[in-house]
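>
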Amino acid sequence: MRSPFRPFAPLFAAFALALAPVACVGGEPQDGPAAAPNDELGGDVPPLFDGKTLDGWTGEKDLWSVQMIDDVPTIVGVSEGLDHNTFLTTDRTFGDFDLTFEMKLTPNDANSGIQFRSVRIAEEEGEKPGPDSEMRGYQADAGAGWWGKLYEENGRGMLYPAEGKPDQTSAEDALKPGEWNVYRISAEGDRVRTWINGAPSVDLVDPEGRKEGMIGLQMHSGGPMTVRFRRFVLQTP
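Once you know that position 99 of the sequence shown is 98 in numbering that gives the first Met the number 0, the rest is easy, because the numbers rise by one and skip nothing.
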């Protein structure tokens with residue numbers, strides 16, 4: 000079957016280099032560079048982030064906020080130190096999708112990541128999850144030594160690079176520590192791919208993985224950190 004996704008390099012280059020002041024996601028304007036449209040994807044997807052509020056997201060309200068940084072609306076997570084992992088999650092769920100965004104983590108030796116096709120564990124167990132509930136599912140990892148890797152949170156652990164497979168490497172060498180970095184995630188059926196600043200990272204076919212779930216922004220337990228996310232461009236089939 001022919002893939003519904005076009006080659007990724009042109010779209011990545013367009014996102015990283017375009018200087019247009021508005022990017023459209025599902026017909027809604029957002030500040031930031033414009034990603035080239037993929038005509039074979041749906042296009043009528045409401046934006047993940049309205050650029051003003053955290054409506055449509057659930058998390059610990061004292062840890063997450065919306066700020067204007069360089070005149071760009073940004074989701075910001077700030078922790079003075081946590082004894083648990085915490086997540087800001089979409090109220091919607093997604094199966095196959097293509098998501099590009101910018102991310103900045105300080106300090107770089109902190110730990111963060113982006114959950115996708117994930118679920119709050121409490122909900123999976125039939126309980127009502129709170130905003131501090133843990134998650135299970137794929138995580139595109141972030142943090143020194145972790146950037147570009149694929150981890151299954153509260154599941155199978157490290158999926159890519161896999162132990163004993165030296166041909167599998169992450170794209171951490173493409174990272175600009177402490178600066179804005181373009182992260183891209185593609186989930187299509189059994190296949191998961193990621194890129195950092197246009198450099199290919201994960202490319203995994205994983206029949207065992209969850210095929211649908213929420214997107215979540217993570218702050219890991221540990222010391223003080225600040226993580227920022229902006230310029231989301233989401234497309235679905």
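Each residue gets a CB set at the ideal place from its N, CA and C atoms; glycine is no exception.
1) Would Q66 and V75 be called neighbours here (beta carbons separated by less than 7 Å)?
2) From I68, P128, R190 and A161, pick the residue whose C-alpha is nearest to that of W179; which is it?
3) Exposed or buried, H83, counting other C-beta atoms within 10 Å across all chains shown (16 or more means buried)?
4) Exposed or buried, which one is V204 when buried takes at least 16 other CB atoms within 10 Å?
5) Closer than 6 Å by C-beta to R209: which residues in its own chain qualify, once you throw out the five before and the five after it? Chain order, please.
6) Just mark S64 as buried or exposed, buried being the case when its beta carbon has 16 or more other beta carbons within 10 Å.
7) For A161 and I214, what's the separation of their Cα atoms in angstroms?
8) According to DSSP, is A139 part of a helix, a strand, or is it coil?
9) Quick one: what does DSSP say D97 is sitting in, helix, strand or coil?
10) If you check the beta carbons only, do R227 and K51 fall under 7 Å apart?
11) State the start and end residues of the unbroken beta strand (DSSP E) segment that holds E187.
12) Spell out the partners DSSP gives F48 in its beta bridges.
13) Would you say E122 lies against chain C (beta-carbon separation less than 7 Å)?
14) Under the three-state reduction of DSSP, which class applies to A121: helix, strand or coil?
15) Comparing C-alpha positions only, which one of G163, Q138 and G142 sits nearest to E151?
16) When the Cα atoms are used, what is the spatial distance from G147 to D54?
17) Can you tell me the Cβ-Cβ gap for F231 and L87, rounded? I've got them flagged as a contact below 8 Å.
18) Kindly indicate which three-state DSSP category D90 falls into: helix, strand or coil?
19) Taking the alpha-carbon positions, what's the E211 to E126 distance?
20) With a 10 Å radius around its C-beta and 16 neighbouring C-beta atoms as the bar for buried, classify G112 as buried or exposed.
21) Residues in its own chain within less than 6 Å of C23 by CB, not counting five upstream and five downstream?
22) Rounded to whole angstroms, what is the Cα-Cα separation between R190 and S169?
23) Rank A173, V44 and R119 by C-alpha distance to the C-alpha of I195 and give the top, closest one.
Taking the structure as given:
1) Between Q66 and V75, the C-beta gap is smaller than 7 Å, which places the two residues in contact.
2) For the residues I68, P128, R190 and A161, the minimum Cα distance to W179 belongs to I68.
3) With fewer than 16 other Cβ atoms within 10 Å, it is exposed.
4) When all chains shown are included, V204 counts as exposed.
5) Only residues of its own chain outside the window of five on either side were considered, and among them R116 and G136 have a CB closer than 6 Å to the CB of R209, listed in chain order.
6) With fewer than 16 Cβ atoms within 10 Å of its Cβ, S64 is classed as exposed.
7) Distance between the alpha carbons of A161 and I214 is about 23 Å.
8) Here DSSP, grouped into helix, strand and coil, assigns A139 to strand.
9) Here D97 sits in strand by DSSP.
10) With a cutoff of 7 Å on beta-carbon distance, R227 and K51 are scored as not near each other.
11) Taken as a continuous stretch (DSSP letters only), the beta strand (DSSP E) holding E187 covers N180 to E187.
12) The partner list for F48 (beta bridge, DSSP) is empty, contrary to what the question assumes.
13) You won't find chain C in this structure, because it holds only one protein chain.
14) The answer is helix: DSSP assigns A121 an H, G or I state.
15) Minimum Cα distance to E151 is reached at Q138.
16) Straight through space, the alpha carbons of D54 and G147 are spaced by roughly 28 Å.
17) Contact flag wrong, Cβ pair sits at about 13 Å.
18) The answer is coil: DSSP assigns D90 none of H, G, I, E or B.
19) It is roughly 19 Å from the alpha-carbon of E211 to the alpha-carbon of E126.
20) Residue burial is scored here from C-beta neighbours: G112 has at least 16 other C-beta atoms within 10 angstroms and is therefore classed as buried.
21) For C23, the predicted model reports a pLDDT of 35, less than 50, meaning its position is unreliable and no value from the coordinates is stated.
22) Taking the straight line joining both Cα atoms gives about 16 Å.
23) Minimum Cα distance to I195 is reached at A173.
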